[in-house]
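Take a look at the structure set out below.
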Amino acid sequence: MIPPARRRAERSAIGTRSAKSVGMHPVLSRILELIFPARCAACELLGAEPFCAQCAESLVAAPAGCTVCGAPLDEALLPATRPRRCGACRDRAPPFVLARAPFLHGGALAEAIHAFKYEKREELARPLGVLFEAVERPRAEVLSPVPLHPRRQIQRGYDQAALLAREAGRRFSLPVEHLVERGRPTAPQVGRDRLARARNVQGAFRARGNIRGRSVCLIDDVLTTGATAGEAARALYAAGARRVEVRTLSRAP
Ligand SMILES: [Zn+2]
Ligand SMILES: [Zn+2]
């Protein structure tokens, strides 16, 4: 009996070599679908990807919020009187031009992202990556993941942003290059306020490779205050990037 995690890993390995990439016979690909069926990324219910109907109901599309960071704005105000930027972006504009996510963080999506990051569910990259179809295409010539520190990547076994960037690259038909690296490890951002988050990641990134004059879109799983993506963007601009945008699967409500 193969343990479920192992089975999922094998399914995902087969998924990446799927029918179109190796010209697999349709019957064979149908057989593989029966052996390794689609599952909901949150509750693992069979037959639905990325989410089953019930889990999909918990997904909340990100409203048209702050024009810079996408933070939801006060819905009680009439659209004409609503500010175009959130308070944080008015106080201090983030280094990136804009950040967008298709959904607010919460419900089944938060569960799936948590499993993807902390429960070695590497194979969730593909179904989660489908969600990038629901967000506006970046104005960029190349995608780059917001990287993990190498030590954390070794602990986890994979870099979730790199896997997501690959999936986003397929969806947006854009190449992926690793243009940012961590200069130093940082403590987790969870549980810190905006200022502490900004301090925690300050100067944590270095740009690498050919960046001068290029437009880059950073890819990560979740945008909270934007501090991490902001620092990565700062490193890209310091190396001569022309424009930096950000796309994540979800953003904090
Ligand atoms: Zn489900
Ligand atoms: Zn904002």
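Read in order, the letters of the sequence shown correspond to residues 6 to 258 in our numbering.
The C-beta atom is built at its ideal place from N, Cα and C for all residues, glycine as well.
Quantities reported herein were computed from a predicted structural model and do not represent experimental measurements.
Item                                                                                                                                                               : Value
In whole angstroms, give me the CA-to-CA distance for A3 and A232.                                                                                                 : The displayed coordinates of the chain run from 6 to 258. Any statement about residue 3 would go beyond what the structure contains.
Let me know if E250 comes out buried or exposed under the rule of 16 or more other beta-carbons within 10 Å of its beta-carbon.                                    : buried
Can you round the beta-carbon distance between R248 and R144 to whole angstroms, since I take them to be within the 8 Å contact cut?                               : 7 Å
Go ahead and label T253 buried or exposed: buried means 16 or more other beta carbons lie within 10 angstroms of its beta carbon, across all protein chains shown. : buried
Using DSSP bridges, identify the partner residues of P150.                                                                                                         : I224
If you count every other CB in all the chains shown that lies within 10 Å of the CB of R189, and 16 or more means buried, which is it?                             : exposed
Starting from the N-terminal side, write out each stretch of the alpha helix (DSSP H) that is 4 residues or longer and does not extend beyond the segment 155-181. : 155-161 and 165-177
Could you check the C-alpha separation between A104 and V73 for me, to the nearest Å?                                                                              : 6 Å
L200: buried (16+ other C-beta within 10 angstroms of its C-beta) or exposed?                                                                                      : exposed
For A120, is the beta carbon positioned less than 7 Å from some heavy atom of ligand 1?                                                                            : no
So, at 7 Å on beta carbons, what are the nonlocal neighbours of A98 in its own chain, with the 5 sequence-adjacent residues on each side left out?                 : V73
Given this structure, state the Cα-to-Cα distance separating L241 from Q59, to the nearest angstrom.                                                               : 40 Å
Check whether the Cβ of A47 lies closer than 7 Å to any heavy atom of ligand 1, and answer yes or no.                                                              : yes
Which residues count as close to ligand 2 when the rule is a CB under 6 Å from any of its heavy atoms, in chain order?                                             : C71, V73, C74, A76, R90, C91, A93 and C94
Would you decide whether T191 is buried or exposed? Buried here means 16 or more other CB atoms lie within 10 Å of its CB.                                         : buried
Spell out a yes or no on whether the segment 130-137 and the segment 147-161 are touching, meaning 3 or more CB-CB pairs, one atom from each, closer than 8 Å.     : no
Do A212 and R187 have their CB atoms nearer than 8 Å?                                                                                                              : no
Quick test of your reading: G70 and A106, contact by CB under 8 Å. State the CB separation rounded to the nearest angstrom.                                        : Not quite, the Cβ-Cβ distance comes to about 10 Å (not below 8 Å), so this is no contact.
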